[in-house]
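So the number in the working numbering is just where the residue sits in the sequence shown, counting from 1, plus 581. Just so it is clear, CB atoms sit at the ideal spot from N, CA and C, and this is done for glycine as well. First comes the structure, then the notes that go with it.
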Amino acid sequence: MKKMKIISVTNRKGGVGKTTTAINIATAMAAIGKKVLVFDLDPQGNATTSLGIEKNKVPYSSYDVLIGGIDVLKAVQKTIVPLFYIVPSKPDLAAAEIELINVSNRERVLENALLPLQNAFDYVLIDCPPSLNLLTVNALVASNSVIVPLQCEFLALEGLADLMKNIERVKRHFNPKLSIQGLVLTMFDRRNNLTFMVEKEVRNYFGNLVYETVIPRSVRVSEAPSHGKPVMLYDFKSIGAQSYINLAKEVLKREGEI
């Protein structure tokens, strides 16, 4: 059986389309027969809510897996998409940062917690919190690669250098197999010249690390989470849904699947 791949979706800035990217890549993967899990590692629980799951009613959450020692398989829940599962998040997870400080091998708690999943899924996508905290470090230590969503705005590159340094630090000290899967430009507005300036700067600096596909600024993409659905279910024909399908193809191509 092919080894499960773990991909972190992360950026230290909030509001860049991180959660939307994670759940829609997962949906597209599931649509072609891949068994996929999203691990919601953000205390805000946006991935959980975006899939129509009530955070306060889940029996087990990512907090219970990390801090409570609950078997991760007990925390896995089905979503409305066949082959797409989630480990939901609850606000309790905000306390994990403090509770992990005195834990032995604290950077590897998530890596060890995910071991029971090895033969259960093809891909695990970790939706990280918008910060460079211990939860994000745990995600990077557990991952094979990283997807970085970048919003097409003036401050897009602010903090990106720190994130790249952090990824390199984790690679050097904890996880030599870690790599950048790619950078994806989100909220792309073709009516705005600034968007093209940001795109040019990012592509010039990062080259082939940047996916060809860009995710447009889209009302349908913004509306979908309030309906508890990925945009591909909410409006399959929308430009946002089609863009995420193309992005997922690029991700799978880089994984050698296509």
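Per DSSP, reduced to three states, the secondary structure at K659 is strand. In the structure shown, I679 adopts helical secondary structure according to DSSP, grouped into three states.
When DSSP states are grouped into helix, strand and coil, S726 belongs to the strand group. Remark: C-beta atoms of Q762 and S799 do not approach each other more closely than 8 Å. Around N714, the same chain offers E678 as residues with beta carbons nearer than 7 Å, after the five sequence neighbours per side are excluded. D621 counts as buried, since no fewer than 16 other beta carbons sit within 10 angstroms of its beta carbon. S589 carries a strand assignment under DSSP once its states are collapsed to helix, strand and coil. When beta bridges are read from the DSSP output, P797 appears opposite F769. For the region 770-838, the continuous alpha helix (DSSP H) assignments of 4+ residues that do not extend past its boundaries occur at 774-787, 800-804, 812-815 and 820-835, in sequence order. For D623, the three-state secondary structure derived from DSSP is coil.
In the structure shown, S712 adopts coil according to DSSP, grouped into three states. As the crow flies, the alpha-carbon of P811 is around 33 Å from that of P757. Per DSSP, reduced to three states, the secondary structure at Y641 is coil, with no helix or strand assignment.
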